Structures are given as C-alpha cells and as structure tokens.
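Residue numbering for the sequence shown follows the working numbering, starting at 50 and increasing by one per position.
Notes follow once the structure below has been shown.
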Amino acid sequence: MAMPKVTSSVVLAMVISLAMVSLVAGTAGTATFYTPPYTPSACHGFQNDGTLIAAASDVFWRGGGACDERYVVQCTGATNEGVPHPCTGRSVTVRIVDECPPGSCRGTIDLSQEAFAVIADPNAGKINIEYRQI
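Following this line, the structure appears as structure tokens:
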C-alpha cells in the first residue's frame, strides 16, 4: 500500500529533524574549572593560549591526542545543592591545551575559570554538561 504524498513528506521531515537533533546533541559529562596561571600546559609549554581553554581528563586525553581539539560545552544542571541553578543558558567553545592530572581530575573536562563563568556560576564548582567536538 502506497503512502499518500503528504504523509510521506511528513515522515521524511520527522526523520530529518531527528537526525539533525542527534548531530547537535552532545555527550553528557561534568565540568570543573582551574585558575591562572594557565602555563605551562601539557600541549604547548609556556605558549599563551588565551583564556577560553580546557584541560582534558583521561576520558579523551589519549596521550596528548586531544591537544588543540575544540569542544562546545554547555551546562545542563547542578551536581550539588549548593547552587541549585548554576547554568547561564549559554555555551562556550574551548580548545584543549592541557591534561587534567590523572587521579586529581574531578570532571570530564576542566575548564579555565573564564570559560566556566561563561556557562555557569563559578560558585557551583562542578556542573553537569553536554559537550561535543567541533
């Protein structure tokens, strides 16, 4: 039985929309932040890489393979009750320039203090995030 033209168009539009959502959605994780000085870094030594930077946890460090990868990070919620609504509703693009030392990293990604402040209240300390590589 053939589908009417209107129905097949609606189904096609829904499939395309779902595919686009999956391309935009990121991976769930957590973020913390670190404070200056940001040098030396594991990727570039004493090179100044600006302030919208991050350190990768062992989740995606890959022995330095994450150096210079760029990620869009967005806060999705609190991890504690201290700051119940930490998110600003904005996203930030960061470049990986450092490694979060194994065993001391409390999140998936350790953002610079400035990058963290773009997406959340720094008083939260640790937040839930979605991130995706660009």
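We put the CB at the ideal spot given by N, CA and C, even for glycine.
Note that the coordinates shown come from a computational prediction; the quantities given were computed from them, not determined experimentally.
Look at the alpha carbon of residue i and the alpha carbon of residue j, and state the distance between them as a whole number of angstroms.
{"i": "A104", "j": "C136", "result": "20 Å"}
{"i": "E130", "j": "T100", "result": "28 Å"}
{"i": "P171", "j": "Y87", "result": "17 Å"}
{"i": "Q162", "j": "T81", "result": "9 Å"}
{"i": "A91", "j": "V146", "result": "7 Å"}
{"i": "N110", "j": "C124", "result": "Going by the sequence as given, residue 110 is Trp instead of Asn. Those two C-alpha atoms are separated by around 21 Å."}
{"i": "R139", "j": "V122", "result": "9 Å"}
{"i": "I176", "j": "R155", "result": "10 Å"}
How is residue i classed by DSSP in three states: helix, strand or coil?
{"i": "E163", "result": "helix"}
{"i": "R111", "result": "helix"}
{"i": "A91", "result": "coil"}
{"i": "C157", "result": "The amino acid at residue 157 is misidentified as Cys; the sequence shows Thr. Coil at T157, not helix or strand."}
{"i": "V70", "result": "Low local confidence applies: a pLDDT of 41 at V70 is under 50, so the model's placement there is unreliable, with the coordinate-based value given in what follows. Here V70 sits in helix by DSSP."}
What are the residues that DSSP puts in a beta bridge with residue i?
{"i": "E148", "result": "A105"}
{"i": "C136", "result": "A169"}
{"i": "F142", "result": "Per the sequence shown, residue 142 should be read as Thr rather than Phe. Per DSSP, V121."}
Starting from residue i, trace the beta strand (DSSP E) in both directions and tell me its first and last residue.
{"i": "Q182", "result": "176-182"}
{"i": "A127", "result": "119-127"}
{"i": "G206", "result": "One cannot answer for residue 206 here, as it falls past the ends of the chain, which runs 50 to 183."}
Next on the checklist: Measuring CB atoms only, is the segment 166-173 touching the segment 111-119, in the sense that at least three cross pairs come out at less than 8 Å?
Outcome noted: no
Next on the checklist: Between the segment 146-163 and the segment 90-104, can you find at least three pairs of beta-carbon atoms closer than 8 Å?
Outcome noted: Yes: at least three Cβ pairs fall under 8 Å.
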